Amino acid sequence: MSEAVEPAVAEAPAADSRDVAAPVANPWMFFRGWLSNPLRMGSVVPSSAALCRRVAAHTRRAPDEYVLELGAGTGVISRALLAAGLPAERLIVVEIVPDMAAHLRRRLPGVQVIEGDARALPDLLSPALHGRIGTVICGIPLVLLPVAEQQRFIGAIEAVAPGRGFLHYSYCVTSPLPWRRHRLVPRREAWTPLNFPPASVWRYTPARTAAEAA
3 MSEAVEPAVA EAPAADSRDV AAPVANPWMF FRGWLSNPLR MGSVVPSSAA
53 LCRRVAAHTR RAPDEYVLEL GAGTGVISRA LLAAGLPAER LIVVEIVPDM
103 AAHLRRRLPG VQVIEGDARA LPDLLSPALH GRIGTVICGI PLVLLPVAEQ
153 QRFIGAIEAV APGRGFLHYS YCVTSPLPWR RHRLVPRREA WTPLNFPPAS
203 VWRYTPARTA AEAA
């Protein structure tokens, strides 16, 4: 791990007039994806610009580390990260839907786009990248999955980003994960009522990591 840890992007401002008219990217493609498999997508429309900025603001990495996004969809979070200053070559996105993965490759030049199941992260990512992930952003609707399946995703994240935990945006009023069962420490980093539906950004850290930092 590098000594100097810096924000991947600048801190997001409080909600303002820019958040009200947040454009969505490729809503029809997103909606088709939701119709084909609602369990893979937590909403019928892409995340708003307000939510994207808040996710980006809480993304951290050292200069030699990468940001990993799981379930990138049409790429609205990805583009917010890039717009805020994350170098394209430091962003890795994983998307299981073939059409969306192809769309991401076209729209995100320089970004490493991996088509595949995030539960297989240790195999999808080159071994050289294991332990070099600063922040994992999870856009997969984990709340819709059984606890055992949630654990498979969490275990896959831990395998490639040990001790780092992950950011997870959700439309739940409370924590979308049973954090005690997963031995995680939760923290709600941000909330935006201007997303549809209103959304929160949660940071989940392995309990042992949080205890060591205390």
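Using our numbering, the first residue of the sequence shown is number 3, and each one after it goes up by one. The beta-carbon is built from N, C-alpha and C at its ideal position, and this holds for glycine as well. Treat the numbers as computed from the prediction; the structure is a model and nothing was measured.
Asked                                                                                              : Found
Nearest-angstrom Cα separation, counted from valine 203 out to glutamate 191                       : 6 Å
contact_flag[the stretch 68-78, the stretch 97-108] where n(CB pairs < 8 Å) is 3 or more           : yes
Alpha-carbon spacing of leucine 179 relative to isoleucine 159, whole angstroms                    : 15 Å
Whole beta strand (DSSP E) elements within the stretch 63-100, 3-residue minimum                   : 68-72 and 93-97
Proximity to arginine 185 [Cα-Cα], best of Phe155, Arg210, Leu127 and Ser80                        : Arg210
Check: alanine 74 C-beta below 7 Å from any heavy atom of the ligand GTP                           : Summarising the ligand content, the structure contains no ligands, and the ligand GTP is consequently not present.
Collapsed DSSP secondary structure at arginine 190 in the structure displayed                      : strand
Residue from Ser177, Arg134 and Ala216 whose Cα sits closest to the Cα of proline 164              : Arg134
Where isoleucine 159 falls: helix, strand or coil (DSSP)                                           : helix
DSSP three-state assignment for proline 129, whether helix, strand or coil                         : helix
Residues near valine 149 in its chain [Cβ-Cβ closer than 7 Å; skip 5 each side]                    : Pro180 and Arg183
For phenylalanine 155 and alanine 120, believed in contact at Cβ under 8 Å, the rounded distance   : 6 Å
Start-to-end residues for the beta strand (DSSP E) that takes in cysteine 174                      : Unbroken run through cysteine 174: none, as it is neither H nor E.
Cutoff 6 Å; reference leucine 123; Cβ partners in own chain excluding five residues on either side : Ala158 and Val162
Option in Cys174, Gly136, Gly118 and Asp66 with minimal Cα separation from proline 143             : Cys174
Test item: CB-CB of glycine 118 and isoleucine 94 under 8 Å                                        : no
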